[in-house]
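**Student:** Residue -17 is where the sequence shown starts when you use our numbering, and the numbers rise one by one after that.
A virtual CB, placed ideally from N, CA and C, is assigned to each residue, including glycine.
In this text the structure is predicted, and so the values were computed from the model without any measurement.
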Amino acid sequence: MAMGIQSKRGRIQDLVTRLESVAWGAGLALALLVLLAGPSFGWQGEPKRWVRAADAGARVRNFPDEQGLLVADVAPGRLMAVYDDKVGFVEVAIAGGLDVWVFGEYLAPTRDPNILRVTGSRVNIRPRVGTSVANLPLPTKLERGDLVALVERNDPSLPLDQDWARVKAPSSTRAFVKAAETKPVTDVVAARAEWQRAAMPLQLSAAAVAAPSTPSTPAGAAQTREAVAPAVSGDLATALASARTLFDSVRANRGAKSAEWQPVLAAWQRVAELAPAGSASAGSAARTIDAVEAYIEAASLQEDLAAQQAKQFERSGEDDEVLREIERKNSADWGRFDGRGWVRKFMVDGKPVYDLEWGGLSSGRVVCTSGRYDLDLFVGFELGVMGSRLRSAVGGTDGSQVVRSIDVHRIEVISGSGARRK
-17 MAMGIQSKRG
-7 RIQDLVTRLE
3 SVAWGAGLAL
13 ALLVLLAGPS
23 FGWQGEPKRW
33 VRAADAGARV
43 RNFPDEQGLL
53 VADVAPGRLM
63 AVYDDKVGFV
73 EVAIAGGLDV
83 WVFGEYLAPT
93 RDPNILRVTG
103 SRVNIRPRVG
113 TSVANLPLPT
123 KLERGDLVAL
133 VERNDPSLPL
143 DQDWARVKAP
153 SSTRAFVKAA
163 ETKPVTDVVA
173 ARAEWQRAAM
183 PLQLSAAAVA
193 APSTPSTPAG
203 AAQTREAVAP
213 AVSGDLATAL
223 ASARTLFDSV
233 RANRGAKSAE
243 WQPVLAAWQR
253 VAELAPAGSA
263 SAGSAARTID
273 AVEAYIEAAS
283 LQEDLAAQQA
293 KQFERSGEDD
303 EVLREIERKN
313 SADWGRFDGR
323 GWVRKFMVDG
333 KPVYDLEWGG
343 LSSGRVVCTS
353 GRYDLDLFVG
363 FELGVMGSRL
373 RSAVGGTDGS
383 QVVRSIDVHR
393 IEVISGSGAR
403 RK
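(1) Excluding the five sequence neighbours on either side, which residues of its own chain have a C-beta within less than 6 Å of the C-beta of Ala221, listed in chain order?
(2) Does the distance from the C-beta atom of Asp38 to that of Leu80 stay below 7 Å?
(3) Terminal residues of the continuous alpha helix (DSSP H) containing Pro245?
(4) Which ranges does the beta strand (DSSP E) cover as unbroken runs of at least 3 residues, wholly within the segment 27 to 78, from first to last along the chain?
(5) Buried or exposed for Asp331, going by 16 or more other Cβ atoms inside 10 Å?
(6) Measure from the alpha carbon of Ile107 to the alpha carbon of each residue in Pro152, Gln144, Leu359, Pro141, then state which is nearest.
(7) In the segment 102 to 177, which residue ranges form an unbroken beta strand (DSSP E) of at least 3 residues, counting only runs that do not cross its ends?
(8) Residues in the same chain with beta-carbon distance under 7 Å from Val105, minus the five sequence neighbours each way, listed in chain order, please.
(9) Return the bridge partner residues of Lys394 from the DSSP annotation.
(10) Which same chain residues end up closer than 7 Å to Arg233 when comparing Cβ atoms and leaving out the 5 residues on each side of it in sequence?
(11) In its own chain, which residues sit with a C-beta less than 7 Å from the C-beta of Ala161, not counting the 5 before and 5 after it?
(12) Less than 7 Å between the C-beta atoms of Pro29 and Ala77, yes or no?
(13) Any idea what DSSP makes of Ser263, helix, strand or coil?
(14) Measuring straight from C-alpha to C-alpha, what distance separates Phe319 and Gly369?
(15) Taking the alpha-carbon positions, what's the Glu134 to Gly260 distance?
(16) Between Asp337 and Arg326, which are expected to be in contact by the criterion C-beta below 8 Å, what is the C-beta distance as a whole number of angstroms?
(17) Taking C-alpha atoms, which residue in Pro334, Arg347, Phe158 lies nearest to Pro119?
(18) So the candidates are Asn96, Val82, Pro334; which of them puts its Cα closest to the Cα of Pro121?
(19) State the DSSP-derived secondary structure class of Ser352, mapped to helix, strand or coil.
(20) By Cβ distance, which residues of its chain are closer than 8 Å to Glu48, with the 5 residues on each side in sequence left out?
(21) Should Gly86 and Asp145 be called a contact, given that it needs their Cβ atoms to be closer than 7 Å?
(22) Within its chain, find whatever has a CB closer than 6 Å to the CB of Thr92; leave out the 5 residues flanking it on each side and keep chain order.
(23) Under three-state DSSP, which class holds Ala90?
(24) If we ignore side chains and look at the alpha-carbon of each, how far apart do Val130 and Lys239 end up?
What follows is the structure in structure tokens.
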């Protein structure tokens, strides 16, 4: 069964959520091309508005309440993107990201000692060390493949998987500030440009890009595949660069059609073919293919939705015409008569006068100057009449002014009995 409009909208929102949580799949393979993609890529969506921290600054909390734990103090004028409004608070992302704590079990080292890679799915980020009820996680979750900059370790004497690490979370990370601690931004174009500058991708040092070296591993600690970047062939490096460029080009067009995404999918499938099995390149390609397929499905649903809405609009026009016809049939002229109503006879100055009564009021006076019809025969019947509208106005039977008088050329009996309406 075809999906309805609401179902399509719901599925599109599911895909948006999925894209927001998928890491940009270049990973360590693209590190060999010197520049890593940002900490995460995603269809974050346009914020509701842009704001800055007020003159006294702003306090970022892990949930929308003054009892929420402090995540960061934001300096006056710092740019924030607002995604939702709460009671007295706004849900924001901070340009440049936030420093948060992540349990090391879900992190792995890269060849750059200042950068860690997320190895779990939907990993919580917290304002403090620990998992107590008072230390609630922020709304944003980290996903497998995300790259985060290491700020500090809680206890460097412990193995990473047993320690907490303070990291610089992506700019997409959301938290809460009091609405009163913000001030609006009017120049949206400048705000977007400033945001992009603050969210520059992570850079790897030259040493990190050099040939793999075997890191020292504590006894008993497992060495993860993410710790060492595999070599990448020239063909694979070229394919990666081409696929990345094509992806960025199409994604920049927010209205891209599903057909425009197909070459992107083919480019990343080519990367998957060239990448060694089990390598970071293969994992990157798999994640990106998943994201591109989500974009294709979302675009297809948008196209179907637009077509369905167009048909619905066309049908609504037809429905409107039906309603107008019903309205005409319930009106005094029925849409095809010059007048309609029950014929009522009364005397004025000793002469018979005939009115069409509709809804208890006179809808027009009728005469027949040609003598074709004896109007007296139609008293008490419901008629539809066609004829010439006379311009002069006459007084109605209830004392109101009747705005038209019709010289009847043709009569159609609709219903009624003369006896009961006299």
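**Tutor:** Reading it off the structure:
(1) In its chain, beyond the 5 residues on either side, Arg252, Val253, Leu256 have a beta carbon closer than 6 Å to the beta carbon of Ala221.
(2) A small fix is needed here, since residue 38 is Ala in this sequence, not Asp. No, the pair does not count as a contact, with Cβ atoms beyond the cut-off.
(3) Taken as a continuous stretch (DSSP letters only), the alpha helix (DSSP H) holding Pro245 covers 240 to 256.
(4) 31 to 35, 40 to 43, 52 to 56, 61 to 67, 71 to 76
(5) exposed
(6) For Ile107, the nearest C-alpha among the options comes from Pro152.
(7) Fully enclosed beta strand (DSSP E) runs of 3 or longer: 129 to 135, 146 to 150, 156 to 160, 164 to 166.
(8) Excluding sequence positions up to five before and after Val105, its CB lies within less than 7 Å of the CB of Val84, Tyr88, Lys123, Leu124, all in the same chain and listed in chain order.
(9) One point to set straight first is that residue 394 is Glu, not Lys, in the sequence displayed. According to DSSP, which records beta bridges pairwise, Glu394 is partnered with Gly366.
(10) none
(11) Result list for Ala161: Gly70, Phe71, Val72, in chain order.
(12) no
(13) Helix.
(14) 9 Å
(15) 31 Å
(16) 5 Å
(17) Closest by C-alpha distance to Pro119, out of Pro334, Arg347, Phe158, is Phe158.
(18) Val82
(19) Three-state result, Ser352: coil.
(20) Lys160
(21) yes
(22) Arg99
(23) strand
(24) Val130 and Lys239: Cα-Cα distance of roughly 32 Å.
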